[in-house]
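Protein chains in written order, with my numbering: chain A, 1 to 345; chain B, 1001 to 1345; chain C, 2001 to 2345; chain D, 3001 to 3345.
Right, one structure below, let's go through it.
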């Protein structure tokens, strides 16, 4: 007995990754996938990994039939305009765009530069990061997706937040290194391989929109989110600098991290004394829903370097959305998300 | 009800990949993994993707307990010396080294430069490529692994072989481009990232040992296997040149390819007229057991370019070994091998 | 005392590389560079390596002033339409597009799919590869550029051609692996880093236009030029398969290669018995005008694998054009082309 | 009229890069290069870019003849033991190891974990970064090399330091992303391409030895130097976070940066409003001695993100050493250092 699912905007990278996960999910039947730019093409012509897995073709979003669950992975700003329409077609909605991530319409306008088209819907959505809102998600009908850079940073900070060591006014500097899939399938002027290969390009020092999700979820006021493109397709690596209150010891941190990893199936602590794999690294996470977290701490100065590695398209987008669905449906949280990543890769 | 499995030599890349697949296999319990260089370490310290998936530690091969199935992934030349011993511990054996791939002891000596230590065992092994020997493997107790470069070439040639168009004496030129994981976890003098990144290094023009497996399996006499290292971790891409007999038309080729893909769950024909993904490419196959095959044909001259892309560690090694196990046990051929690869990657 | 030079189409990759070389050339003053897409911008905004080297801005080709030497690096098909106009502005012209590479108007039409716009000018141009036409270039006023894939192949074959071992009717299979800069600054649908990274994509098995230059320059009839994209920005690596006539020994090949390298300042023989750098590899040639050549030969079968590595933008385009200019002006052939490439890189 | 130069330890990456630069230098003759691991081999067998440029072979350091200038590029800790001996052979010495970079023997011991073998020599050496010590270097006989990560950070901070805005006690967080050539030609356990490709590995959060050079040169007390390996061969990119005193405006920063670039031939300000190349990026600097600097500033909070990109082997090592030699000899500072880097690359 499976539920029916449709994906709006399935020809992009996030939509394609969602489709990969849902096709392998034991309790789901994908009934419809839409695309504007690839209308009528077979899914496997755009996502070649799915050849022999599905004979679905991309259809037109305006022809969408009623389904149990609707995933939306459209460009930012589009889904909010038609939320009323789509809410009539599906009982459950998970929107992976940025449209329903922020709780406040004014914050939305501040960060996205335009008024929200459906502000009344903002409080109906839960921010879709299970490690922050597991119980609310279990009860939710409407769940948002997450920003990948925000997710890497929020999960890096979560052990500190849970332990009560995060002061709202303190400065947090999140240095996030990102792969080229973050630009989406359309890319941007710097996406040409000859320009993008070998880069170490700090393209956004301040003010990236994902900052708003860190402020909202961690209750912070002073967040510097600095993004640097590196030569990688998938992956986001957050190296987060902050100061801890006096008296925190390394053993306290160990305890906080281990407790968190114990409670959350997709969090793992990576902190080894020797070997090649001593710290979190997105390279072993491609395709996986794990977030690997770790830390280095200078007890003397109280300076903490908190680390988190994710696959931006999985834990930073499609995987977390499926994890939310599992919670919403009362299924096991990790269902259909078992791929552990590859070594080497 | 699951069967017990052990892996000899599980800290290498092939062994690690095998472990990833077997841990996820629904009918298998991995009871023991051995390593000489990482004895006593947790598996996840060496294969960081497997953290939270297993608490196995590497043990000593000399302490191996009896199991239902033994996989061996030791350096070439070692397993043959102890085959008698290990055959006493396991009813089924799959050896991924080169030790039991060739049927002829003299051919073994010719290509490997030393007499075989257990020539009487050579005829007891089946060459473990299901697309070539499915029925024999179903009946086998002892199955060899396959060489990755040979596999990419053999599968590129299989449609031609099956169609009866391959003349024993014709020259076949197989240009195979390979990733750095082929060198194994120990690497070689050229494996340093600063030397290996950005290479296009035709390091073996003639005489690579995998040539012997192409000659044996395709019944050929004149095979030029030329290997070029490229900047890639996983993947082998065979571009194979040969001449077809007169009168073969492109539509005959389409028919041969489609029939083969229809009969073999892990073969897919990739030949699109437009889009980005028109030909087989190992980049979408990392972690997957698929072999993507395709061709370009010049009807006028009869020159065929046959293509095959694989992940050298999966379809070129560990995945094919699990596929063999499934056949040997009478299970569904694709059990535990469902991961389709990633896009983008 | 320097000569004045202008570049038509200097915002592309070939034009930019030409500009880098000419700005450093001791006998040249670059007086004008044109671009349609970057009109009015500083050169260093497009080619960031040239910051602090020049304050030139891109100007409009229609405003071109008379100069001593005109380099054209426009999209294929454009320069031929205005050759009469430009020939009135410059005594010497080097056109890096494909417009004047072929001697025969009918061959041009066959390979480029349209009649040539100025067929009378075809015989006035010399094919601009000094290793093939040094003396003619010295006397020439009009010189063409070269195709990068053709150049890698032609230089791989040159020792055999010079030795008289190349039969017109024999089949030559040239497997060329190429970097992403070949697609030009505009790129194509597959140029997005997320799609282009990690590829091994045999995108053209037959019929690439550069084949015509190999046929013309080597006097061959049966050339299979197969192109495979790999993860690399700069570089073309030709692995060329052919059969030599009976009785050729390895020592004969050594003699042919060494003689050629002795006569040509930019040819080097790379064939070492040990170490990391045993064969030609474009990775050490980025920015350099060298072509590294080598070979592997099976005396028994007569099968030769001839190798040539170049930087497609330098020896395969801009560098060779400057080398031609040096010859045309009676200067030392290597003037301004001294950069040897980097190790590691 | 040229001076004679020898290089101790020329088979490593820094030594090889130094040799490339010195062979092209118009006023220098390289008379001897030594290597322990490649004794007797031709230089071009180890550094393949130098084939046809030199027929030097690696000789034994114990056979070193007297020369005008001695460059040492030996493993850290070795040169200090024999400084007396070598000072007898050369009037001028530039030591690229870490042995003579710190002014204080106690600081040396603190950061390097062992007493210095020649503390009396420490004050005789000048720290070899011309942008910090140009006039002292002009007068010096003994000059140290620089740490690459320290150099990227120091040059990022120099505009702020010169402007008098750097408070000794303030916290400076330097996030430096580095390529694989930093590990040296010997590499380390993580250098295997299959492990090192695609990494984003924050391998050192605190306490890297180069921190000492930042503290010393910038007069700081609280420096957090965090190093992250990325998939790149050459390059170090520093993203440095600090707070500026009140009242500093963006226009003040522009003034400080421009003044500095005006005075220093190898500093360039990269800060464009549009296009692909808006910020410093090491990818265009491979082989070049430029340091590209830039900044992003939040006037409201006073948070500055200072950027600096270099080639770790050139501006971060061998190039700066040659720049020092030029100053010591009274030559033009940029002599032999003209290569501007490549675009694309």
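Backbone N, C-alpha and C define an ideal beta-carbon position, used for all residues, glycine too.
This one's a predicted model, so the numbers in the text were calculated from it and none came from an experiment.
If the cut is a Cβ gap below 7 angstroms, which residues of chain C does residue i touch?
i: residue 191 of chain A; result: 2192 and 2193
i: residue 1231 of chain B; result: 2230, 2231 and 2232
i: residue 1296 of chain B; result: 2205 and 2206
i: residue 3024 of chain D; result: 2338
In chain B, which residues lie less than 7 angstroms from residue i when you measure between Cβ atoms?
i: residue 3020 of chain D; result: Residues of chain B passing the Cβ test: none, with the nearest at roughly 15 angstroms.
Can you tell me where the alpha helix (DSSP H) holding residue i begins and where it ends?
i: residue 3277 of chain D; result: Careful: residue 3277 of chain D lies outside any alpha helix (DSSP H) and carries neither H nor E.
i: residue 2072 of chain C; result: It is not in any alpha helix (DSSP H) - residue 2072 of chain C instead sits in the beta strand (DSSP E) that spans 2067 to 2072.
i: residue 3349 of chain D; result: Given a span of 3001 to 3345 for chain D in the structure shown, any question on residue 3349 of chain D remains unanswerable.
i: residue 22 of chain A; result: 13 to 23
i: residue 3214 of chain D; result: 3211 to 3218
i: residue 181 of chain A; result: Counting along the chain, residue 181 of chain A falls outside any alpha helix (DSSP H), and DSSP gives it neither H nor E.
i: residue 3046 of chain D; result: 3043 to 3046
i: residue 2106 of chain C; result: 2105 to 2112
Run through chain B and tell me which residues come within less than 9 angstroms of residue i, C-beta to C-beta.
i: residue 3046 of chain D; result: Those do not exist, as residue 3046 of chain D stays about 11 angstroms from chain B at its closest Cβ, beyond 9 angstroms.
Does any C-beta atom of chain B lie closer than 7 angstroms to the C-beta of residue i?
i: residue 59 of chain A; result: no
i: residue 2030 of chain C; result: no
i: residue 3197 of chain D; result: yes
i: residue 2281 of chain C; result: yes
Along chain A, in chain order, which residues have C-beta atoms closer than 7 angstroms to that of residue i?
i: residue 2015 of chain C; result: Those within 7 angstroms of residue 2015 of chain C in chain A number zero; the least Cβ separation is about 14 angstroms.
i: residue 2181 of chain C; result: 194
i: residue 1272 of chain B; result: 45
Check the DSSP bridge columns for residue i and list the partner residues they point to.
i: residue 1032 of chain B; result: B:1006
i: residue 3268 of chain D; result: D:3292
i: residue 1134 of chain B; result: In the DSSP output, where bridge partners are listed per residue, residue 1134 of chain B has none listed.
i: residue 227 of chain A; result: A:176 and A:204
i: residue 222 of chain A; result: A:171
i: residue 1057 of chain B; result: B:1042
Would you mind sorting residue i into buried or exposed? The rule is 16 or more other CB atoms within 10 Å of its CB.
i: residue 2131 of chain C; result: buried
i: residue 255 of chain A; result: exposed
i: residue 3049 of chain D; result: buried
i: residue 2120 of chain C; result: exposed
i: residue 2045 of chain C; result: buried
i: residue 1102 of chain B; result: buried
i: residue 2154 of chain C; result: buried
i: residue 2080 of chain C; result: buried
For residue i, decide whether its Cβ has a neighbour in chain A, counting only Cβ atoms nearer than 7 angstroms.
i: residue 2345 of chain C; result: no
Check for me: the beta strand (DSSP E) holding residue i runs from which residue to which?
i: residue 3095 of chain D; result: 3090 to 3095
i: residue 1064 of chain B; result: Element bounds for residue 1064 of chain B: n/a, residue is neither H nor E.
i: residue 3236 of chain D; result: 3236 to 3243
i: residue 3307 of chain D; result: 3303 to 3310
Show which residues of chain D have a CB atom less than 8 angstroms away from the CB atom of residue i.
i: residue 1187 of chain B; result: 3192, 3193 and 3194
Is residue i close to chain D? Criterion is C-beta to C-beta, closer than 7 angstroms.
i: residue 312 of chain A; result: no
i: residue 140 of chain A; result: no
Just checking: is the beta-carbon of residue i within a distance shorter than 7 angstroms of some beta-carbon in chain C?
i: residue 3342 of chain D; result: yes
i: residue 1239 of chain B; result: yes
i: residue 1303 of chain B; result: yes
For chain F, is any of its Cβ atoms less than 7 angstroms away from the one on residue i?
i: residue 1052 of chain B; result: The chain inventory of the structure shown lacks chain F, comprising the protein chains A, B, C and D.
For residue i, which residues in chain D fall below 7 angstroms Cβ to Cβ?
i: residue 175 of chain A; result: 3175 and 3239
Should residue i be counted as a contact of the ligand GDP given a C-beta to heavy atom distance under 6 angstroms?
i: residue 1044 of chain B; result: Of the ligands one can find in the structure shown there are none, so the ligand GDP has no counterpart to examine.
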